[in-house]
Amino acid sequence: EPEVTQTPSHQVTQMGQEVILRCVPISNHLYFYWYRQILGQKVEFLVSFYNNEISEKSEIFDDQFSVERPDGSNFTLKIRSTKLEDSAMYFCASPEGFGAPETQYFGPGTRLLVL
Amino acid sequence: SQQGEEDPQALSIQEGENATMNCSYKTSINNLQWYRQNSGRGLVHLILIRSNEREKHSGRLRVTLDTSKKSSSLLITASRAADTASYFCATDARGGTASKLTFGTGTRLQVTL
């Protein structure tokens, strides 16, 4: 299966602090997604990113969140001022090929704990 | 019920038996995908079935889709202990470049020796 990588694997932060979660999608792909999964709950869509701009975002993705593609390979999710309820597993996803953008391959996730 | 709900919520079987998990959804879809998640780990893509397909196979996996009933099933044949995981269905209402997955609540499968 194509590989999407994420760093860090775990992050512990204090409430109010900024965190940046990093993803390296499948190379040369234009579509990226972020999802999150609060412990014991279903996976939820956060945002999709196409050709260097947000194509869609969910209600969860408020002004505290932002996404960037700082260089040709990395894709970041920033939470400006973390809240306790931001504690979750955050997944980056990327399709494999241009012929089948719907098949999303997920990274291993970053487990974020906000204290 | 919400888009993408699986049943049962939990399933315990013995190695060698078949496991069947069901998923129901509410809105029309372009495709439906099944994922596996080992405890606390990432999501592994298993199979995608499009709205114009009724059945699809991949190894020991068999997926069916009934768009008239808005439901899908995942069958794992000859289960192994390594199949122990949570299984999620995810629906994609639009497909293509507008793809966005809506996940179900998952079925926790336990395969015992």
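Sequence lines, in order, name chains Z and R.
Residue 59 in the numbering used here sits at position 67 of the first sequence; the count goes up by one each step and never skips.
Residue 33 in the numbering used here sits at position 20 of the second sequence; the count goes up by one each step and never skips.
The C-beta atom is built at its ideal place from N, Cα and C for all residues, glycine as well.
Keep in mind it's a predicted model, so treat the numbers as computed, not measured.
query                                                                                                                            : result
Chain R contact for glutamine 96 of chain Z (CB, 9 Å cutoff)                                                                     : yes
Where the region 35 to 59 of chain R meets chain Z: residues whose CB sits under 9 Å from a CB there                             : Asn43, Asn44, Gln46, Tyr48, Gln50, Gly53, Arg54, Gly55, Leu56, Val57, His58
Contact set between aspartate 105 of chain R and chain Z, taken where Cβ atoms lie within less than 8 Å                          : Glu94
Touch test, the region 117 to 124 of chain R against the region 15 to 31 of chain R, Cβ-Cβ under 8 Å, three pairs minimum        : yes
Any chain Z beta carbon closer than 9 Å to leucine 132 of chain R                                                                : Residue 132 of chain R lies beyond the residue range present for chain R, which begins at 14 and ends at 126; the question has no answer from this structure.
Completely contained beta strand (DSSP E) runs for the region 27 to 101 of chain Z, where each covers 3 or more residues         : 35 to 42, 45 to 49, 57 to 60, 67 to 71, 80 to 87, 96 to 98
At least 3 beta-carbon pairs within less than 8 Å: the region 103 to 116 of chain R vs the region 41 to 55 of chain R            : yes
Glutamate 105 of chain R classed as buried or exposed, judged by whether at least 16 other C-beta atoms fall within 10 angstroms : Correcting the residue type first, residue 105 of chain R is aspartate in the shown sequence and not glutamate. When all chains shown are included, aspartate 105 of chain R counts as buried.
Closer than 8 Å at the beta carbon, the chain R residues around valine 4 of chain Z                                              : Simply none; closest approach about 15 Å.
Short-range partners of chain R found in the region 41 to 64 of chain Z, where Cβ spacing is below 7 Å                           : Tyr42, Glu48
CA-to-CA distance, asparagine 66 of chain Z to valine -4 of chain Z, given in whole angstroms                                    : 11 Å
Alpha-carbon to alpha-carbon, glutamine 29 of chain Z and lysine 75 of chain Z                                                   : 15 Å
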